[in-house]
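*Asks:* Under the numbering used here, the first residue of the sequence shown is numbered 1, with each subsequent residue one higher.
Beta carbons: idealized from backbone N, C-alpha and C, even for Gly.
Please read these numbers as outputs of a predicted model, since none were measured by experiment.
Sharing a structure with you now.
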Amino acid sequence: MTEAVPHNVVSATWIRPLEKPESIPASAEVVIIGGGIVGVSTAWFLAKQGVNVVLCEKGHIAGEQSGRNWGWVRVQARDTREMPMIIESMNIWRGLADEIGEDVGYAETGCLFAASTDAQLEDFSAWLETADEYGLDTRIISAAELAQHVRGSTVEWRGGLYTASDGRAEPHKAAPAIARAAERKGARILTACAVRGIETESGRVSAVVTEHGTIRTSVVLCAAGAWSSMFCRSLGISLPQLKVRGTVARTAPADSVLDGNLFDDHLGIRRRQDGGYTVAHGTILDHPITPTTIRYAFKFLPALMQEHKGLRLSIGHDFIDEWRTPKSWALDDTSPFEKTRVLNPEPNPRAVKSIRKNIDKVFPRLADTEIVEVWAGMVETSPDVVPIIEETQSIPGFHIATGFSGHGFGIGPGAGKAIAGMLTGNDSGIPLDEFRLSRFFDGTPIRPQSSV
Ligand SMILES: Cc1cc2nc3c(=O)[nH]c(=O)nc-3n(C[C@H](O)[C@H](O)[C@H](O)COP(=O)(O)OP(=O)(O)OC[C@H]3O[C@@H](n4cnc5c(N)ncnc54)[C@H](O)[C@@H]3O)c2cc1C
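See below:
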């Protein structure tokens with residue numbers, strides 16, 4: 001039977017105390033802003049090449065999106081522009097634990113998008129063209145085969161899109177483990193160290209200014225997740241990015257109803273390494289309207305049209321908070337980044353209720369399984385739902401890697417390799433042209449291919 005829904009039972013992982021660094025280096029070849037999966041993976045690839053790299057994280061490593069996501073690692077249904085990067089990322093995930101000597105919870109447990117109607121199944125099958133082009137094992141499976149992967153469900157799906165070689169990693173393990181691997185290779189990883197801004201000389205980057213002092217450098221990477229747009233705006237760079245809140249629940253260990261990941265109209269659910277499930281409502285997402293929404297509304301229209309069914313718009317304190325936040329600030333004073341060490345939004349109670357209801361409905365065998373934790377994370381999205389990665393034209397030496405749009409965890413290690421190549425001028429073999437920021441300003445049509 002359905003038990004009381006726990007509200008706001010949020011892991012202590014994200015609100016544990018922070019210790020400021022004892023010292024900071026005077027200089028570095030590269031400084032990375034942000035300790036999510038993108039920042040730490042880049043630091044790891046740079047350190048492996050012997051680059052003197054410092055990473056500054058205002059809160060905890062993986063304290064924001066990279067520690068709060070569903071943990072899906074998939075090529076399936078990706079935007080074609082991301083294919084070379086995700087294929088490389090999957091290769092990295094496969095060897096990651098062996099290479100760094102730490103468990104990251106990675107397993108090839110399969111990824112399934114289940115179709116309730118024939119029309120949906122046909123829509124899914126359109127992606128097989130991409131799968132064929134890249135020689136992937138993705139295929140359409142029948143209702144009978146689906147029932148072997150998803151056991152004891154009451155829903156009569158028509159079939160699904162399935163990739164056996166996709167899987168999962170555990171978000172609370174992966175980025176911290178990669179950060180430690182980077183440290184072992186010589187990177188400096190500083191937590192509780194917000195970057196307030198940068199300094200320039202003759203228009204080029206010359207230093208980053210942190211809350212604990214200045215680090216001289218000629219190469220900076222902004223991998224600041226949901227904060228990237230604000231950081232860039234303080235430098236006069238326009239970066240279209242909006243935030244969408246996703247609510248997630250974790251169950252206690254329970255009966256095995258599936259081994260991998262399942263997405264349908266009711267649920268996004270995956271089996272965890274600990275035997276429980278990470279569950280979200282398949283389609284409920286909230287966007288708190290802020291001044292940034294108004295600033296970039298036109299650029300986000302195509303994505304909004306595509307996502308309008310599941311997206312709930314609201315207006316409240318986020319609008320006022322952002323309105324009151326200055327556009328720029330003095331670098332010798334507290335910045336907005338120190339004021340919110342860890343972006344820890346309240347889970348949406350309606351989403352939590354729907355998650356409970358849908359678990360019970362789709363998997364009656366899990367009806368007695370307790371939800372032991374719920375949390376929310378702010379997804380940062382770009383107008384065409386693929387990342388923005390480039391060296392900015394206005395400030396040479398200042399690079400951006402952001403806008404991973406709700407699917408940056410799986411692609412994070414591949415992105416790290418590609419970005420390390422961009423920063424050092426070594427060709428990683430992963431093309432980045434499609435991710436340039438200028439695509440939103442030079443008349444290129446804004447076309448999201450997939451919003452999952
Ligand atoms: C609910 C949810 C579910 C998701 N599910 C999946 C999934 O199943 N699979 C998948 O592939 N992706 C998923 N994603 C998306 C994925 O989590 C993100 O795309 C990815 O983690 C982004 O990584 P990042 O390093 O760019 O950003 P983040 O992880 O957000 O890291 C950015 C970091 O920068 C720090 N920072 C910001 N400003 C400063 C500053 N000025 N100084 C110092 N530090 C700063 C922040 O504190 C933060 O830790 C999901 C996201 C959410 C929220």
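I'd like the span of the beta strand (DSSP E) that includes R204, first residue to last.
*Replies:* R204 to T210
*Asks:* Leaving out five residues before and five after P6 in sequence, what residues of the same chain have Cβ atoms less than 7 Å from its Cβ?
*Replies:* At P6, the pLDDT of 46 sits below 50, so the modelled position is not reliable and the matter cannot be decided from this model.
*Asks:* What residues in its chain sit with their C-beta under 8 Å from that of I395, if we drop five residues either side in the sequence?
*Replies:* I198, T200, G203, R204, V205, L235 and I237
*Asks:* Taking the alpha-carbon of L432 as reference, which of A420, D442 and M90 has the nearest alpha-carbon?
*Replies:* A420
*Asks:* With burial defined as no fewer than 16 other Cβ atoms inside 10 Å of the residue's Cβ, what is the status of I92: buried or exposed?
*Replies:* Around the Cβ of I92, a 10 Å sphere holds 16 or more other Cβ atoms; the residue is buried.
*Asks:* Look at I33 and L190 and say whether their C-beta atoms are less than 8 Å apart.
*Replies:* no
*Asks:* Take the Cβ of I315 as the centre, count every other Cβ of all protein chains shown within 10 Å, and call the residue buried at 16 or more, exposed below.
*Replies:* Under this definition I315 is an exposed residue.
*Asks:* Taking 8 Å as the threshold (C-beta atoms), are G414 and I86 in contact?
*Replies:* yes
*Asks:* Is there a Cβ of chain B sitting closer than 8 Å to that of R295, yes or no?
*Replies:* No chain B is part of this structure, which consists of one protein chain only.
*Asks:* To the nearest angstrom, report how far apart R439 and F404 are at their CA atoms.
*Replies:* 15 Å
*Asks:* Reducing DSSP to helix, strand and coil, say where T340 ends up.
*Replies:* coil
*Asks:* Roughly how many angstroms lie between the CA atoms of P240 and E145, to the nearest whole one?
*Replies:* P240 and E145 have their alpha carbons spaced roughly 42 Å apart.
*Asks:* So, I37 versus G412, is the Cβ gap smaller than 8 Å?
*Replies:* Contact flag set, yes.
*Asks:* Report yes if the CB atom of G67 is closer than 8 Å to the CB atom of F363, and no otherwise.
*Replies:* no
*Asks:* Beta carbon of I215, beta carbon of S27: below 8 Å?
*Replies:* yes
*Asks:* Can you check the segment 244 to 319 for any beta strand (DSSP E) of at least 3 residues that lies completely inside it and give the ranges in chain order?
*Replies:* 261 to 263, 267 to 271, 277 to 281, 285 to 288 and 311 to 314
*Asks:* Below 8 Å, how does it come out for the segment 380 to 400 and the segment 70 to 82: are there three or more Cβ pairs, yes or no?
*Replies:* With contact defined as three or more Cβ pairs closer than 8 Å, the segment 380 to 400 and the segment 70 to 82 are in contact.
*Asks:* Pick helix, strand or coil for C222, following the three-state DSSP scheme.
*Replies:* In the three-state DSSP reduction, C222 falls in the strand class (E or B).
*Asks:* Measure the Cβ-Cβ separation of G140 and L161 and say whether it is below 8 Å.
*Replies:* The question names Gly, yet the displayed sequence has Ile at residue 140. Taking 8 Å as the Cβ cut-off, I140 and L161 qualify as a contacting pair.
*Asks:* Ordered along the chain, which non-local residues of its own chain (more than five positions away) have a Cβ less than 7 Å from that of A223?
*Replies:* I32, I33, G34, G36, V38, G39, T42, A401 and T402.
*Asks:* Rounded C-beta distance between T163 and V75? I'm assuming under 8 Å.
*Replies:* 6 Å
*Asks:* Go ahead and label K20 buried or exposed: buried means 16 or more other beta carbons lie within 10 angstroms of its beta carbon, across all protein chains shown.
*Replies:* exposed
*Asks:* Could you pull the start and end residues of the beta strand (DSSP E) that V54 belongs to?
*Replies:* V53 to C56
*Asks:* Tell me whether C56 counts as near ligand 1, meaning its Cβ is closer than 7 Å to at least one heavy atom of that ligand.
*Replies:* yes
*Asks:* Using the Cβ count rule (16 or more neighbours within 10 Å means buried), how would you classify N358?
*Replies:* buried
*Asks:* Within the present structure, is the beta-carbon of I37 separated from the nearest heavy atom of ligand 1 by less than 7 Å?
*Replies:* yes
*Asks:* When you measure from the CB of F409 to every non-hydrogen atom of ligand 1, does any distance come out below 7 Å?
*Replies:* yes
*Asks:* If you draw a straight line from the C-alpha of T109 to the C-alpha of I178, how long is it?
*Replies:* 21 Å
*Asks:* Per DSSP, which one or two residues make a beta bridge with E480?
*Replies:* With the chain represented from 1 up to 452, any question about residue 480 goes unanswered, as that position is not in the structure.
*Asks:* Take the Cβ of M305 as the centre, count every other Cβ of all protein chains shown within 10 Å, and call the residue buried at 16 or more, exposed below.
*Replies:* Per the 10 Å Cβ criterion, exposed.
*Asks:* In its own chain, which residues sit with a C-beta less than 6 Å from the C-beta of V379, not counting the 5 before and 5 after it?
*Replies:* V244, G246 and G406
*Asks:* Can you tell me whether D332 is buried or exposed? The criterion is at least 16 other CB atoms within 10 Å of its CB, across all chains shown.
*Replies:* exposed
*Asks:* Closer than 7 Å to a non-hydrogen atom of ligand 1 - does that hold for the CB of V81?
*Replies:* In the sequence as presented, Val is not what sits at residue 81; that position holds Arg. The answer is no for R81.
*Asks:* With respect to 7 Å, is the separation between the Cβ of R439 and the closest non-hydrogen atom of ligand 1 below this value?
*Replies:* no
*Asks:* Are the CB atoms of A47 and A187 within a distance shorter than 8 Å?
*Replies:* yes
*Asks:* Could you check which residue in L285, K299, T290 and F319 has the C-alpha nearest to that of L311?
*Replies:* The candidate whose alpha carbon is nearest that of L311 is L285.
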